[in-house]
Amino acid sequence: MAGGFVAFSGDSPAFQAKMTVYVFICVVIAAVGGLIFGYDIGISGGVTAMDDFLMKFFPAVYERKKQAHEDNYCKYDNQFLQLFTSSLYLAALVASFFASATCSKLGRKPTMQLASIFFLIGVGLASGAANMYMLIMGRILLGFGVGFGNQAVPLFLSEIAPARLRGGLNIVFQLMITIGILIASVVNYFTSSIHPYGWRLALGGAGIPALILLFGSLLICETPTSLIERNKTEEGKATLKKIRGVEDVDEEYQSLVQACEFARQVKDPYRRLMKPESRPPLVIGLLLQLFQQFTGINAIMFYAPVLFQTVGFGNNAALLSAVITGSVNVVSTLVGILLVDRTGRRFLLLQAAVQMLSCQLVIGIILAKDLGVKGTLGKTEAMIVVILVCVYVMGFAWSWGPLGWLIPSETFPLETRTEGYALAVSCNMFFTFVIAQAFLSMLCAMKSGIFFFFSAWIVVMGLFALFFVPETKGVSIDDIKDSVWKRHWYWKRFMLRGA
Ligand code: BGC
């Protein structure tokens, strides 16, 4: 998500800065990028459960689905159907490497504009698709949009925010993702009853935020860091004055210039990332992405309607349940924003691991006991499953969801921050792709065992958090080596060697 190069102006909340209306507008427009990402995550599950869509592109899946209860767990197992969902993340993974270059060579603003153009073409192709190739091509272009947008937007938000609000704004991006997912599930719910082109409307819906991002991005400024980085120092200073709403920005400006010069001196940041002293943030940053995805969250986010149909809900009830889990996701992310700087990161990671584990285990047991391959769940049991899914989503949304992004953004030192963060993003996209591509086949092969599979991962990640993730609450971003790594029972060995 962070591109090419980033220089935060230190951590000092002492710089004079107001939260200006202009910054507010910039934040709102840029955050629309997160909303589009969330919309794309949420829309595919609903669309892939719509009969008109299946009849047109996946007749074999439609036939299997019609033979109701033939096999609960396997009716949606189809590699192409999964490719429809997953191709977006593979494309995003590839695009993020290019986006990293455009972010530093052209700036954050043009990178966001490129994202919105990819989004618009992608939406056009997917919603107007006459065949599977157009459909997948559309998803790939949407993926390019996600790759460019997810690189530029969080970076833009961090650079434009006054230092004291940076952490909160980081999670605003996650909040927008969850709002996007929720909007998508509401759209799925309403468009599913519009025949035969409801799915076209659902996929086309992403065009509205894409247009907002395209035209909105004409109004926003380039970040001072990006301008200074590209030697447009005067313009950089003028922009800084404008966004901070004060005349005296000398101190912050100097700090930015210094940060840029310092970062320029590090010729090969990727090499530096391989050194022992980079080991703790690198290992934690990358493993958090694997763990975040292997909580099984996207099995729910992508395929909630499909999953709820599996346990015996009708089309509409399944879509409605997805709206409910989507709302729980948004509200609990808000709770996360409130808690993260009070309880700290570790408490949330550990507490949520216990919560998610309990839910997954009980869901697994209910399905194993009562659903079977051809049966259905009773009404009460199906309701219990929905409630457990909600409690599970709740835990994820105030912990591993936002913290998966926050921790890598605050643990790499300045000289490798962008590169480290970019690797974390690519890693996240990769594991998102793996889950999207494999989940329906895993569900078919493992049946209710899939919930025990995710449970086992949650145990592993809980132990990892317990022993290897230190608390970074309230630690100054540039002081992390001395006050965190050098004092940690395990990670300190890399510091002594590398220091
Ligand atoms: C994850 C996404 C997930 C979303 C759910 C994000 O933090 O990266 O993969 O779909 O949370 O809210």
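Take the sequence shown: its letters are residues 1 to 499, numbered as in full-length UniProt numbering.
Just so it is clear, CB atoms sit at the ideal spot from N, CA and C, and this is done for glycine as well.
| message | Taking its Cβ as the centre, do 16 or more other Cβ atoms sit within 10 Å of M383, making it buried, or is it exposed? | response | exposed
| Inter-stretch contact (C-beta, 8 angstroms, three-pair minimum) for the segment 355 to 363 and the segment 421 to 440 | no
| Exposed unless 16 or more other CB atoms sit within 10 angstroms - verdict on M176 | buried
| Taking 7 angstroms as the line, does the beta carbon of N131 fall inside it for any heavy atom of the ligand BGC? | no
| Local conformation of E222 per DSSP, three classes | coil
| Of the choices G449, L377 and F291, whose alpha-carbon is the least far from that of residue 519? | Since the first and last residues shown for the chain are 1 and 499, residue 519 lies out of range.
| request: Please go through the same chain and pick out, in chain order, the residues whose beta-carbon is closer than 6 angstroms to the beta-carbon of S86, but skip the five residues on each side of it. | output: F433, A436 and Q437
| What did DSSP end up calling M310 once you bin it into helix, strand or coil? | It should be noted that the sequence gives Thr, not Met, for residue 310. In the structure shown, T310 sits in a helix (DSSP, three-state: H, G or I).
| query | If Q174 and W485 are in contact, beta carbons under 8 angstroms, what's the gap, nearest whole angstrom? | reply | The Cβ separation is near 25 angstroms, so there is no contact.
| The alpha helix (DSSP H) with V21 in it runs from where to where? | Secondary structure note for V21: its alpha helix (DSSP H) is the uninterrupted segment V21 to V47.
| said: Can you tell me whether I181 sits near the ligand BGC, meaning its C-beta is under 7 angstroms from at least one heavy atom of the ligand? | reply: yes
| query | Per DSSP, what kind of secondary structure is Y197 in: helix, strand or coil? | reply | Coil at Y197, not helix or strand.
| request: From the DSSP output, in three-state form, read off L120 for me. | output: helix
| For W489, is the beta carbon positioned less than 7 angstroms from some heavy atom of the ligand BGC? | Every heavy atom of the ligand BGC is 7 angstroms or more from the Cβ of W489, so no.
| message | Determine whether the beta carbon atoms of S100 and Q151 lie at a separation below 8 angstroms. | response | yes
| Can you tell me where the alpha helix (DSSP H) with C359 in it begins and where it stops? | Start and end: R345 to I366.
| Could you give the distance in angstroms between the alpha-carbon of L120 and the alpha-carbon of V186? | 21 angstroms
| query | Considering R230, what are the terminal residues of the alpha helix (DSSP H) in which it resides? | reply | No alpha helix (DSSP H) contains R230, which DSSP labels as neither H nor E.
| field | Of the listed residues A161, E222 and N188, nearest to Y39 (C-alpha basis) | value | N188
| query | By a C-beta neighbour count over all protein chains shown, 10 Å radius and 16 as the cutoff for buried, is P59 buried or exposed? | reply | Looking at its Cβ environment, which holds fewer than 16 other Cβ atoms inside 10 Å, P59 is exposed.
| said: For W400, count the other beta carbons within 10 Å of its own beta carbon; 16 or more makes it buried, fewer makes it exposed. Which is it? | reply: buried
| message | Would G454 and F308 be called neighbours here (beta carbons separated by less than 8 angstroms)? | response | One detail in the question is off: residue 454 reads as Phe in this sequence, not Gly. Cβ atoms of F454 and F308: not closer than 8 angstroms.
| query | What are the start and end residues of the alpha helix (DSSP H) that includes T102? | reply | Note, T102: alpha helix (DSSP H), Q79 to K105.
| Whole-Å CB distance - I183 paired with V32, under 8 angstroms assumed | Wrong, their Cβ atoms sit about 12 angstroms apart, outside the cutoff.
| Count the other CB atoms within 10 Å of the CB of Y490; is the residue buried (16 or more) or exposed (fewer)? | Y490 should be labelled exposed.
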